[in-house]
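K.L.:
Let me give you the structure first, and then I'll get to my questions.
Residue numbers (the numbering used here), protein chains in the order written: chain A, 7 to 193; chain B, 7 to 193.
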């Protein structure tokens, strides 16, 4: 199975909650790693560390590296990059997703913001520019739908390694089991 | 076609960007209206007004109404409510989405936060409690994937009414046309 890592470009400290949501989405939707490029944000690192401790891993978290270095290293190792942008090829038209899947390569998903440099759309940076619809919305929404379609829904049943907590889906109640109390479940 | 409206519960003024992303996602993914319950936030109203003016409508925006009143009125008119929560039935298991579609009713999508009262999971409030996976992530991600699956991707090609701006999808460039300049396109 291909490896998918998300690179968050353009994080600002005041966007902490938005970036946290993006990174949580990357983890929950099957990515094996996340990179917050060009800036360090220790609160976000703490949030993600806590999530992995409580809900399971594995997940690599990198911060502060230049986006250019990450992209160059990724491509040197034979991976491809997919830039999510409202301006790119609409995932609902044409065959861009098919081409990405057919490449059978590890994928670095570049997630920017409105202010992403236009250089990001060029082939030295992005092998594919993909839009999740061509309307302004949210990089969190775009990432979720891209990954849901890439993995064809399988990611929503992913089992994480060594969680302390696990939700048991229930139509009417909040049911959370704690690791070590699983035997109770069988009764 | 059924009507879908999103109700955002638990908005706090410091969450402006996150709620904006949620509302932009609702619009871009085919909802006809949004409600921010129990609180007024004029910055968000301005953001959404500007988006509709530039990128097209229609979209109803309501604010400050009690969530209970909205839910009660919706149900009285024959609509159903779907609560997105990490604790609910996993959309990837069982048949909860099929049941929702089969109901052929207008849908009020309730989007809360971690602190949503447990009352939200009860049948007086939610007809369905749906989880987009059972991991902690983001209400923006959850809403996007729910709507993408509900509309089976058709929402990403939705044409909006009277936009001033429209993106032309392109694999390598940012191409935006302005309303009134469309004739140029034909050349």
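Ideal Cβ positions, reconstructed from N, Cα and C, are used throughout, including at glycine.
Of the choices A:63, A:134 and A:42, whose alpha-carbon is the least far from that of residue 22 (chain A)?
P.N.:
Taking the first residue of the first chain as position 1, residue 22 (chain A) is located at position 16. Looking at the Cα atoms, A:42 is the closest of the given residues.
K.L.:
Below 8 Å, can you find three or more Cβ-Cβ pairs linking the region 83-96 of chain A to the region 145-152 of chain A?
P.N.:
With a cut-off of 8 Å, the region 145-152 of chain A and the region 83-96 of chain A count as touching, because enough Cβ pairs lie within range.
K.L.:
Comparing C-alpha positions only, which one of A:169, A:180, A:158 and A:141 sits nearest to residue 60 (chain B)?
P.N.:
As a first step, residue 60 (chain B) must be located in the second chain, where it is residue number 54. Looking at the Cα atoms, A:141 is the closest of the given residues.
K.L.:
Using the beta-carbon of each residue, which ones in chain A are nearer than 9 Å to residue 128 (chain B)?
P.N.:
Stepping through the second chain from its first residue, residue 128 (chain B) is reached at position 122. 178, listed in chain order.
K.L.:
Less than 8 Å between the beta carbons of residue 24 (chain A) and residue 24 (chain B), yes or no?
P.N.:
As a position in the first chain, residue 24 (chain A) is number 18, starting the count at 1. As a position in the second chain, residue 24 (chain B) is number 18, starting the count at 1. The answer is yes: Cβ separation under 8 Å.
K.L.:
Start and end of the alpha helix (DSSP H) containing residue 146 (chain B)?
P.N.:
For the purposes of this step, residue 146 (chain B) is taken as residue 140 along the second chain, with counting starting at 1. 145-156 is the span of the alpha helix (DSSP H), which, as asked, contains residue 146 (chain B).
K.L.:
Does residue 108 (chain B) have its Cβ less than 8 Å from a Cβ in chain A?
P.N.:
As a position in the second chain, residue 108 (chain B) is number 102, starting the count at 1. Not one chain A Cβ lies under 8 Å of residue 108 (chain B).
K.L.:
Taking Cβ positions only, does residue 43 (chain A) come closer than 8 Å to chain B?
P.N.:
Stepping through the first chain from its first residue, residue 43 (chain A) is reached at position 37. It does not; no Cβ of chain B falls within 8 Å.
K.L.:
In angstroms with no decimal places, state the Cα-to-Cα distance between residue 11 (chain B) and residue 37 (chain B).
P.N.:
Within the second chain, numbered from 1, the residue matching residue 11 (chain B) stands at position 5. Within the second chain, numbered from 1, the residue matching residue 37 (chain B) stands at position 31. About 6 Å.
K.L.:
Suppose contacts are defined by Cβ-Cβ distances below 8 Å. Is residue 97 (chain A) in contact with residue 134 (chain A) by that definition?
P.N.:
By one-based count along the first chain, residue 97 (chain A) stands at place 91. By one-based count along the first chain, residue 134 (chain A) stands at place 128. In this structure, residue 134 (chain A) does not lie closer than 8 Å to residue 97 (chain A) by Cβ.
K.L.:
Use the C-beta contact count for residue 66 (chain B): other C-beta atoms within 10 angstroms, 16 or more gives buried, fewer gives exposed.
P.N.:
Along the second chain, read from residue 1 onward, the residue named residue 66 (chain B) stands at position 60. With fewer than 16 other Cβ atoms within 10 Å, it is exposed.
K.L.:
Got a sec, what are the start and stop residues for the alpha helix (DSSP H) residue 138 (chain A) sits in?
P.N.:
As a first step, residue 138 (chain A) must be located in the first chain, where it is residue number 132. Where residue 138 (chain A) is concerned, there is no enclosing alpha helix (DSSP H), given that its DSSP letter is neither H nor E.
K.L.:
Taking only beta-carbon positions, decide if residue 87 (chain A) is within less than 8 Å of chain B.
P.N.:
Here the question's residue 87 (chain A) lines up with position 81 in the first chain. No, residue 87 (chain A) lies away from the interface with chain B (no Cβ there is under 8 Å from its Cβ).
K.L.:
In chain order, which beta strand (DSSP E) runs of at least 3 residues are fully inside the region 28-56 of chain A?
P.N.:
Listed in chain order, the complete beta strand (DSSP E) runs (minimum 3 residues) inside the region 28-56 of chain A are 39-42.
K.L.:
Just reading off the beta strand (DSSP E) that residue 172 (chain A) is part of, what are its end residues?
P.N.:
Within the first chain, the letter at position 166 stands for residue 172 (chain A). Unbroken beta strand (DSSP E) run through residue 172 (chain A): 171-173.
K.L.:
Return helix, strand or coil for residue 77 (chain A), following the three-state DSSP convention.
P.N.:
Counting from 1 along the first chain, the entry for residue 77 (chain A) is found at position 71. Three-state DSSP puts residue 77 (chain A) in a helix.
K.L.:
How would you write the range of the beta strand (DSSP E) that residue 131 (chain A) sits in, first residue to last?
P.N.:
Residue 131 (chain A) sits at position 125 when you count from the first residue of the first chain. Run containing residue 131 (chain A): none; DSSP gives neither H nor E here.
K.L.:
Output needed for residue 125 (chain B): all residues of its chain with C-beta closer than 7 Å, excluding positions within five of it in sequence on either side, in chain order.
P.N.:
The residue you call residue 125 (chain B) lines up with position 119 of the second chain. Once the five neighbours on either side are set aside, the close Cβ partners of residue 125 (chain B) are 131.
K.L.:
Which bits of chain A does residue 142 (chain B) rub up against, with CB to CB less than 8 Å?
P.N.:
For the purposes of this step, residue 142 (chain B) is taken as residue 136 along the second chain, with counting starting at 1. Within chain A, the residues near residue 142 (chain B) are 30, 34, 57 and 61.
K.L.:
Chain A beta carbons: is any one of them nearer than 8 Å to that of residue 146 (chain B)?
P.N.:
In the second chain, the residue the question calls residue 146 (chain B) occupies position 140. By this cut-off, residue 146 (chain B) is an interface position.
K.L.:
Can you check whether the CB of residue 121 (chain A) is closer than 8 Å to the CB of residue 86 (chain A)?
P.N.:
Residue mapping note: residue 86 (chain A) aligns to position 80 of the first chain, counting from 1. Residue mapping note: residue 121 (chain A) aligns to position 115 of the first chain, counting from 1. Not in contact: residue 86 (chain A) and residue 121 (chain A) (Cβ atoms no closer than 8 Å).
K.L.:
With DSSP collapsed to three states, give me the class of residue 192 (chain A).
P.N.:
Residue numbering aside, residue 192 (chain A) sits at position 186 when the first chain is read from its first letter. With a pLDDT of only 40 at residue 192 (chain A), under 50, the local geometry of the prediction cannot be trusted, and no value is derived from it.
K.L.:
In terms of alpha-carbon separation, which member of B:17, B:143 and B:186 lies closest to residue 49 (chain B)?
P.N.:
Within the second chain, residue 49 (chain B) is the residue found at index 43, counting from 1. Out of B:17, B:143 and B:186, B:17 has the C-alpha closest to the C-alpha of residue 49 (chain B).
K.L.:
Check whether the Cβ atoms of residue 13 (chain B) and residue 102 (chain B) sit closer than 8 Å, and answer yes or no.
P.N.:
For the purposes of this step, residue 13 (chain B) is taken as the residue at position 7 of the second chain. For the purposes of this step, residue 102 (chain B) is taken as the residue at position 96 of the second chain. Not closer than 8 Å, so no.
K.L.:
Starting from residue 14 (chain A), trace the beta strand (DSSP E) in both directions and tell me its first and last residue.
P.N.:
Taking the first residue of the first chain as position 1, residue 14 (chain A) is located at position 8. Looking at the DSSP string, the run of the beta strand (DSSP E) that includes residue 14 (chain A) is 10-14.
K.L.:
Starting from residue 117 (chain A), trace the beta strand (DSSP E) in both directions and tell me its first and last residue.
P.N.:
Counting from 1 along the first chain, the entry for residue 117 (chain A) is found at position 111. Run containing residue 117 (chain A): 113-117, per the beta strand (DSSP E) assignment.
K.L.:
So what's residue 102 (chain B) in DSSP terms, helix, strand or just coil?
P.N.:
Taking the first residue of the second chain as position 1, residue 102 (chain B) is located at position 96. In this structure, residue 102 (chain B) counts as helix in the three-state DSSP scheme.
K.L.:
Quick check: residue 163 (chain A) and residue 95 (chain B), are their CB atoms within less than 8 Å of each other?
P.N.:
As a working note, residue 163 (chain A) is residue 157 in the first chain. As a working note, residue 95 (chain B) is residue 89 in the second chain. Not closer than 8 Å, so no.
K.L.:
When burial is assigned at 16 or more other CB atoms within 10 Å of the CB, is residue 185 (chain A) buried or exposed?
P.N.:
Position 179 of the first chain, counted from the first residue, corresponds to residue 185 (chain A). Flag for residue 185 (chain A) reads exposed.
K.L.:
Name, please, each residue of chain A whose Cβ falls closer than 9 Å to the Cβ of residue 23 (chain B).
P.N.:
Sequence index remark: in the second chain, residue 23 (chain B) carries index 17 (1-based). Those within 9 Å of residue 23 (chain B) in chain A are 20, 21, 23 and 24.
K.L.:
For the putative contact between residue 114 (chain A) and residue 80 (chain A), defined by C-beta atoms under 8 Å, what is the C-beta separation to the nearest angstrom?
P.N.:
Against the first chain, residue 114 (chain A) aligns to sequence position 108. Against the first chain, residue 80 (chain A) aligns to sequence position 74. That belief holds up - the Cβ atoms of residue 114 (chain A) and residue 80 (chain A) are roughly 5 Å apart, short of 8 Å.
K.L.:
Distance check for residue 15 (chain B) and residue 116 (chain B), CA to CA, integer angstroms please.
P.N.:
Stepping through the second chain from its first residue, residue 116 (chain B) is reached at position 110. Stepping through the second chain from its first residue, residue 15 (chain B) is reached at position 9. Approximately 7 Å between the Cα atoms of the pair.
K.L.:
Report the residues of the region 94-108 of chain A with a CB closer than 9 Å to any CB of chain B, ordered along the chain.
P.N.:
Under the 9 Å Cβ criterion, the region 94-108 of chain A contributes 94, 95, 96, 97, 98, 99, 100 and 102.
K.L.:
Compare the C-beta of residue 46 (chain B) with all C-beta atoms of chain A and state if any pair is closer than 8 Å.
P.N.:
The count along the second chain starts at 1 and reaches residue 46 (chain B) at position 40. Cβ-Cβ to chain A under 8 Å: no for residue 46 (chain B).
K.L.:
Cβ closer than 9 Å: which chain A residues qualify as neighbours of residue 124 (chain B)?
P.N.:
For the purposes of this step, residue 124 (chain B) is taken as the residue at position 118 of the second chain. Residues of chain A passing the Cβ test: 179 and 180.
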